[in-house]
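Remarks on the structure that follows.
Numbering (full-length UniProt numbering), first residue to last: 1 to 111.
Printed below as a string of structure tokens:
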């Protein structure tokens with residue numbers, strides 16, 4: 001296999017680190033908002049467009065089913081910091097020359 005195969009458009013090649021599938025599974029299997037934010041923070045340097053799509057969609061799902069206030073991410077310092085860091089990473093990935101329309105649409109869907 002050639003180097004870079006399977007990365008898709010907008011993927012970042014990381015030679016050391018967790019499996020991309022493991023990152024996605026950890027994010028998607030998060031049961032609470034704190035857990036999804038913890039996973040995003042834990043894997044922050046490895047996130048690509050697929051992970052960001054999973055993050056925003058999972059966070060959206062958890063927010064819509066949570067019995068917390070709509071401003072939970074502003075009220076909690078940890079959540080606010082983790083959300084801001086993920087938002088910055090999302091901005092970097094979505095403004096990259098490597099991202100295509102489909103990848104961008106998948107991320108935006110979760111927002």
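The beta-carbon is built from N, C-alpha and C at its ideal position, and this holds for glycine as well.
Quantities reported herein were computed from a predicted structural model and do not represent experimental measurements.
| query | result |
| --- | --- |
| Run of the alpha helix (DSSP H) containing residue 104, from where it starts to where it stops | 101-110 |
| Straight-line gap, residue 114 to residue 45 (C-alpha atoms, nearest Å) | Residue 114 lies beyond the residue range present for the chain, which begins at 1 and ends at 111; the question has no answer from this structure. |
| Contacts around residue 94, its chain only, beta-carbon distance under 7 Å, and the 5 residues preceding and following it disregarded | 104 and 107 |
| Segment limits, alpha helix (DSSP H) that includes residue 98 | Per DSSP, residue 98 belongs to no alpha helix (DSSP H) and is neither H nor E. |
| Residue 110 Cβ short of 8 Å to the ligand GDP heavy atom set | By its list of ligands, the structure shown contains no ligand whatsoever, and the ligand GDP lies outside what it can speak to. |
| Proximity below 9 Å, CB of residue 50 to CB of residue 24 | yes |
| Boundaries (first-last residue) of the alpha helix (DSSP H) holding residue 57 | 49-65 |
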